[in-house]
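Numbering (the working numbering), first residue to last: 80 to 308. By construction, the Cβ of each residue, glycine as well, lies at the ideal position given by its N, Cα and C atoms.
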Amino acid sequence: MEDAMILFQTGKRLVTAELRRESINWSDDNFVLFASASQPRPNTESEIVSQTLSQIKLLLRRRTAALAALDAGLYSESIRHFSKIVDSHRGAPRSFVVECLLHRASVYKSTGRIADSIADCNTILALNPSCLQALETRSELLESIRCFPDSLHDLEHMKLLFNSILRDRKRTGPVWKRHSVRYREIPGNLCVLATKIKPNEGENHEPRDRLCGLLLDGNRTWVHEIGAE
Numbered sequence: 080m081e082d083a084m085i086l087f088q089t090g091k092r093l094v095t096a097e098l099r100r101e102s103i104n105w106s107d108d109n110f111v112l113f114a115s116a117s118q119p120r121p122n123t124e125s126e127i128v129s130q131t132l133s134q135i136k137l138l139l140r141r142r143t144a145a146l147a148a149l150d151a152g153l154y155s156e157s158i159r160h161f162s163k164i165v166d167s168h169r170g171a172p173r174s175f176v177v178e179c180l181l182h183r184a185s186v187y188k189s190t191g192r193i194a195d196s197i198a199d200c201n202t203i204l205a206l207n208p209s210c211l212q213a214l215e216t217r218s219e220l221l222e223s224i225r226c227f228p229d230s231l232h233d234l235e236h237m238k239l240l241f242n243s244i245l246r247d248r249k250r251t252g253p254v255w256k257r258h259s260v261r262y263r264e265i266p267g268n269l270c271v272l273a274t275k276i277k278p279n280e281g282e283n284h285e286p287r288d289r290l291c292g293l294l295l296d297g298n299r300t301w302v303h304e305i306g307a308e
């Protein structure tokens, strides 16, 4: 988002400079005609860039406020700011929304709101099925409420993703995206997963309310809207 803002600011400066150069050659009649035109005109490139830039700045300000509240231990305030971003997701990149959902899920987890945290993880994984942080968080939450089969399923999924990364030497997501997992850390992560998977294999507890598969109809519509943007 920060890189996008810099690009838009550069583009805005270039468009403004080009418009200024063109206006030097306009006669007074051109200015009068331009000013008195009554029919609605489409937005210029400069206006579109300005609107997009304002939207990016607003999203970044809200995320900064949410993270500052989180660092200060103001969990309710942090949730409120993240919810504003998530609820008004139109125009926001999917990866940015996923990042905010991850933060909100973490805050929900810290405040003991297990169902809300799992619901956010479900939404994240509907948008990005290979999100390791969401899988790890959801697995821990499901284990804490003794939903061992679903927790084990997430651990197995993580193991498959780690093995795939090692085999293909290619991490999930676009090349330009910053990744939280380094190649040299993956063998250690696999060992940790093995120690978690082994004890859970003997557990046969039934999931409570099938929280792992819970996605309300409204959330499904919301996910489809994000996916289409």
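Determine the direct distance from the alpha carbon of residue j to that of residue i, and round the result to whole angstroms.
{"i": "P286", "j": "N207", "result": "Low confidence applies here, because P286 scores a pLDDT of 48, under 50, leaving its location unreliable; read the following figure in that light. Spanning the two alpha carbons is a distance of roughly 23 Å."}
{"i": "L214", "j": "I158", "result": "21 Å"}
{"i": "F161", "j": "R225", "result": "29 Å"}
{"i": "H236", "j": "S209", "result": "9 Å"}
{"i": "E222", "j": "I244", "result": "25 Å"}
{"i": "N201", "j": "D195", "result": "10 Å"}
{"i": "D199", "j": "L181", "result": "7 Å"}
{"i": "A145", "j": "S189", "result": "15 Å"}
{"i": "P228", "j": "L234", "result": "10 Å"}
{"i": "Y187", "j": "L220", "result": "11 Å"}
Is it right to say residue i is buried, meaning 16 or more other beta carbons lie within 10 angstroms of its own, or is it exposed?
{"i": "R217", "result": "buried"}
{"i": "L211", "result": "buried"}
{"i": "L239", "result": "exposed"}
{"i": "R289", "result": "At R289 the pLDDT is 48, less than 50, meaning the model places this residue with poor confidence; the figure from the coordinates comes in the next sentence. R289 should be labelled exposed."}
{"i": "D166", "result": "exposed"}
{"i": "A147", "result": "exposed"}
{"i": "N242", "result": "exposed"}
{"i": "S230", "result": "buried"}
{"i": "A151", "result": "exposed"}
{"i": "R309", "result": "Past the edges of the chain, shown from 80 to 308, lies residue 309, and the structure says nothing about it."}
{"i": "C270", "result": "exposed"}
{"i": "A171", "result": "buried"}
Return the Cβ separation of residue i and residue j in integer angstroms, given the expectation that the two are a contact with Cβ distance under 8 Å.
{"i": "I164", "j": "R192", "result": "Not really, about 18 Å apart at Cβ, beyond 8 Å."}
Inset, instruction - Counting only runs of 3+ residues fully inside the region 182–214, write out the beta strand (DSSP E) ranges in chain order. - result: none
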